[in-house]
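Below: one structure, written as structure tokens.
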Amino acid sequence: MANTLGIVKPDGVRRKLVGKIISRIEKADLVLRGMKVLKLSKDQAQKFYSVHEGKPFYNSLVEFMTSGPIVVMVIGGHDSIRRWRDLMGATDPAKAKYNTIRREYGTSVEKNVVHGSDSEATAKAEVSFFFSDDEILPKGI
Ligand code: IDP
Ligand code: MG
């Protein structure tokens with residue numbers, strides 16, 4: 168029952184997709200336990216994506232992620248890590264299943280609208296990258 172981190176990336180905010188994405192989270196019976204709108208600094212984006220440092224897409228990814236506001240969300244509910252990843256779809260929108268967020272709205276492998284943590288360990292680290300404990304609704308509220 169761990170929480171996971173969701174992000175609406177700058178392309179999603181710019182294209183006014185935040186409402187549609189939250190609607191999908193609600194319809195899936197996932198639970199919003201925290202939410203913020205913010206703009207990442209270059210330093211923050213580099214740290215957040217440090218696992219990809221040195222890959223050919225890293226610098227462009229950092230540039231993209233700092234290009235405008237994002238929405239960061241703590242998403243809870245049964246099996247939230249896997250179920251949010253399933254709702255998002257594969258990294259490359261062209262390869263994502265039909266009816267996933269990335270398939271519907273993504274425009275390239277980089278500009279794929281949403282982020283989701285990929286394991287319990289990364290979910291814990293990524294949630295605490297943006298939220299302190301007292302900014303996250305406890306379970307059962
Ligand atoms: P994920 O977001 O599905 O977990 P990761 O492999 O962790 O995918 O990559 C992080 C982000 O980096 C992707 O969501 C996408 O925005 C970008 N990215 C990944 N692979 C590529 C690529 O081959 N070209 C350009 N951007 C990429
Ligand atoms: Mg990833």
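Mapped onto the working numbering, the consecutive letters of the sequence shown carry residue numbers 168 to 308. Note that beta-carbon positions come from the ideal geometry of N, C-alpha and C, so glycine has one too.
The DSSP-derived three-state label of Ile308 is coil.
Residue Thr233 holds the alpha-carbon nearest to the alpha-carbon of Ile174 among Leu304, Tyr265, Thr233 and Ala261.
According to DSSP, Thr233 shares a beta bridge with no other residue. For Thr171, the enclosing beta strand (DSSP E) begins and ends at Thr171 to Val175. When C-alpha distances from Val280 are compared across Ser286, Glu287 and Tyr272, the shortest belongs to Tyr272. For Ile303, the three-state secondary structure derived from DSSP is coil. Excluding five sequence positions before and after Glu277, the CB atoms of its chain that fall closer than 8 angstroms to its own CB belong to Phe224, Ser227, Leu228 and Phe231, given in chain order. Within its own chain, the residues whose Cβ lies closer than 7 angstroms to the Cβ of His219, once the five positions on either side in sequence are excluded, are Tyr225 and Leu228, listed in chain order.
By the neighbour-count criterion, in which 16 or more other beta carbons inside 10 Å mark a residue as buried, Glu293 falls on the buried side. Asn266 is classed as exposed because its beta carbon has fewer than 16 other beta carbons within 10 Å across all chains shown.
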